[in-house]
Amino acid sequence: MPWHERTRRCWSWKLGWVLVAIGLMVWPGGCRRPVVLAADTLVMAVEKPPKTLDPRVGNDAVSARLHQIIFDTLVNKNEQLDIVPELADFTISPDGRVFTFRLRPGVFFHDGRPLTAEDVKYTFESMCAPTFNSPKKGDFALVEAIEAPDERTVVFRCRTPNLPMLGSLVAVGIVPKGTSPEEAAQRPVGTGPFRVVAYRENHDIWLEANPAYFKGAPRLKRLQIRFIPDAMTRELELRKGTVQLAVNADLAYSTNQALGKTPGLKLVQAKGTNIAYLGLNCEDARLADVRVRRALALAIDRETIIRTVLRGMARPAAGPLPPEQWAYPEDLPPPRYDPEEARRLLAEAGYGPGQPLRLELKTSSAELSRQVAAVLQEQLKRVGVELSLRSFEFQTFLQDTIAGNFQMFYLINVGANQSVDFLSYFYESSRIPTKAKGYSEGANRARYRSAEVDGWLRAAAATTDKAAQRRLYGLVQKQVVSDVPQIFLWYPNNVAIAHERVQGITLELSGSYAFLRQVWIAEGHRRIDTFV
3 MPWHERTRRC
13 WSWKLGWVLV
23 AIGLMVWPGG
33 CRRPVVLAAD
43 TLVMAVEKPP
53 KTLDPRVGND
63 AVSARLHQII
73 FDTLVNKNEQ
83 LDIVPELADF
93 TISPDGRVFT
103 FRLRPGVFFH
113 DGRPLTAEDV
123 KYTFESMCAP
133 TFNSPKKGDF
143 ALVEAIEAPD
153 ERTVVFRCRT
163 PNLPMLGSLV
173 AVGIVPKGTS
183 PEEAAQRPVG
193 TGPFRVVAYR
203 ENHDIWLEAN
213 PAYFKGAPRL
223 KRLQIRFIPD
233 AMTRELELRK
243 GTVQLAVNAD
253 LAYSTNQALG
263 KTPGLKLVQA
273 KGTNIAYLGL
283 NCEDARLADV
293 RVRRALALAI
303 DRETIIRTVL
313 RGMARPAAGP
323 LPPEQWAYPE
333 DLPPPRYDPE
343 EARRLLAEAG
353 YGPGQPLRLE
363 LKTSSAELSR
373 QVAAVLQEQL
383 KRVGVELSLR
393 SFEFQTFLQD
403 TIAGNFQMFY
413 LINVGANQSV
423 DFLSYFYESS
433 RIPTKAKGYS
443 EGANRARYRS
453 AEVDGWLRAA
463 AATTDKAAQR
473 RLYGLVQKQV
483 VSDVPQIFLW
493 YPNNVAIAHE
503 RVQGITLELS
513 GSYAFLRQVW
523 IAEGHRRIDT
533 FV
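Numbering (our numbering) for the sequence shown: 3 to 534.
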């Protein structure tokens, strides 16, 4: 071969590798790169990226759901929402102050390291460190020491009885000892059913099955979770088949219904425990009057909204906890719709035809939130309330609710109300978020204060008698319903839209993504050419 031909081919070969390298460098920025998805790979859409993959920090819905399949927790909840062992069996001292956990043998992190008591100790001590910014650390404020006397034993010692802490443990996945916030946020290592292979912020996360998972390897080999903020794009991707699953993906209920009737797709739904509610600012000059708050609650026709806007995919909510929760009081009355009583209470508070009550309702910019707000505006208008509506990008909206910069807001709480510690987190007066506390001490965004509720919550946390706890938590719920710092609306169903060949979808009451371990794609699933 002539020397000039050898030189040309050599440079062509080098140039080819340079172009490949350049392509790899720019790929995360959005270069269109064809990928063939095989039958053992499921593509799932979620509505926004996680706030963080660090299970010590992330408490938004998407982060929490991803944590459920990457990490494991010391304890978990069963279908009755009771606390049950997960990574560890546990015992509690008679005075409710000492919690001893005995780790399962044979549990390994994704990098092959065995799970030890030192990893558990490090997870919670690092999260509760003064320099570590986590909204979850307030749940462990009563913990005075964490000990690891041997490789499989962890002991939490609390200053006072602290039974609600068990529920808080469900939200914290265990990370390996020494994991920095940066590592956990970008390259997380857990013990869960799936391990992270690649994470591209604002784009997607690729996961592979953990073959050594202690409950058994997932049936799927690979899982790509794409972050698709635009609802119309999520719908189109489902129709095209480039996305094969979306669970509680913030699509309009009419859209879910239509997609479920589309050839090649199916709708799967089950009861849920998430709660949609209106937050009311109890420090606002108008809403400080409990008569006004009660009137607003009586003016809302939940059944009509559930039938028309939600297409029947929800059930009315009477209180903050779901009916399946063990502390839910059986004698809690159902929600009332009584516009005449609402008008009477408003008139008693000084509002009527000559002096209408004017309020502002804030929502996120999500389509469903704006739909619900428009119906609420019309219903409140019938009792003489002039409601102005404002919608914001979600993070701006959330910061306003935390800072108390609102009169009313509409939000869906995801998961927190499955445990009784929710009641303290949302209604104890010491859990009002403030700038000085970095907004991490609680979620009492309504600025609600009740000496009776504070006392009942303290008493419930101080006893190991479950019957006494049920009575005390029942009193809390009834008082909160009477005082109306929030208006409880409905429990949305868990809803999945899936390709017809995606099998094994059993949605859990809690909305957990744990069901993905049992999902598989039936024979004959077509290969899909897509671009990432």
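Cβ coordinates follow ideal geometry from the N, Cα and C atoms, glycine included.
Taking each of ASN419, ARG58 and ALA464 in turn and checking the Cα distance to GLY169, the smallest one comes out for ASN419.
Judged by DSSP secondary structure, ILE85 falls within the beta strand (DSSP E) whose first and last residues are 85-87. Here the C-alpha atom of GLY513 lies approximately 8 Å from the C-alpha atom of ASN276. Under the three-state reduction of DSSP output, GLY354 falls in the strand class. Residue environment for PRO57: buried (at least 16 other C-beta atoms within 10 angstroms of its C-beta).
Cβ-Cβ separation between LEU83 and GLU332: approximately 15 Å, too far for a contact (criterion under 8 Å). Here the alpha carbons of LEU144 and PRO132 stand approximately 14 Å from one another. The alpha helix (DSSP H) runs of length 4 or more contained entirely in the segment 56-138 are, from start to end of the chain, 63-72 and 119-129.
For THR264 and ARG115, the gap between their C-alpha atoms comes out near 46 Å. The DSSP assignment places complete alpha helix (DSSP H) segments of no fewer than 4 residues inside the segment 203-247 at 233-242, in order along the chain. For PHE394, the enclosing beta strand (DSSP E) starts and ends at 387-394.
The shortest C-alpha to C-alpha distance from PRO324 to any of LYS273, LEU363, ARG293 and THR365 is the one to LYS273.
DSSP places VAL157 in the uninterrupted beta strand (DSSP E) bounded by 155-160. Beta-bridge annotation (DSSP): ARG197 is paired with GLU210. Looking only at GLU285, PRO358, LEU413 and THR398, the smallest Cα-Cα distance to GLU388 is reached by PRO358. Minimum Cα-Cα distance from GLU88 among the listed residues ASN78, ASP97 and ILE94 corresponds to ASN78.
Beta-bridge analysis with DSSP links PRO494 to ALA316. With 16 or more other CB atoms across the displayed protein chains lying within 10 angstroms of its CB, ARG99 is buried. In the structure shown, the three-state DSSP call for TRP522 is strand.
Its chain contains ALA233, ARG236 and GLU237 as the residues whose beta carbon lies nearer than 7 Å to that of LEU253, once the 5 sequence neighbours on both sides are disregarded; these appear in chain order. Taking the Cα positions, ARG309 is about 10 Å away from ARG317. Distance from ILE499 to LEU261 at the Cβ level is roughly 5 Å; contact confirmed, criterion being Cβ atoms closer than 8 Å.
By the C-beta density criterion, GLY194 is buried, having at least 16 other C-beta atoms within 10 angstroms. Counting of Cβ neighbours within 10 angstroms places ASP291 among the buried residues, the total reaching 16 or more. If only complete runs of 3 or more residues are kept, the segment 252-289 shows the beta strand (DSSP E) at 267-272 and 277-282, in order along the chain. The three-state secondary structure of GLU149, taken from DSSP, is strand.
Here ARG228 has ALA47 and ASP206 as same chain residues with Cβ atoms under 6 Å from its own Cβ, once five neighbours each way along the sequence are excluded.
Apart from sequence neighbours up to five positions away, the residues of its chain that approach GLN481 with a beta-carbon distance below 7 Å are SER452, GLU454 and VAL455, ordered along the chain. The C-beta distance from GLY457 to GLY140 rounds to 19 Å, too long to meet the 8 Å contact threshold. In this structure, the alpha-carbon of GLU153 lies about 30 Å from that of PHE517. Where SER366 is concerned, the enclosing beta strand (DSSP E) starts and stops at 359-366.
The DSSP-derived three-state label of ILE308 is helix. Residue burial is scored here from C-beta neighbours: SER426 has at least 16 other C-beta atoms within 10 angstroms and is therefore classed as buried. Bounds of the alpha helix (DSSP H) holding PHE428 are 423-429. Taking a 10 Å sphere around the C-beta of ASP74, we find 16 or more other C-beta atoms and assign the residue as buried. Of the candidates GLN226, LEU117 and GLN520, the residue whose Cα lies closest to the Cα of LEU68 is GLN226.
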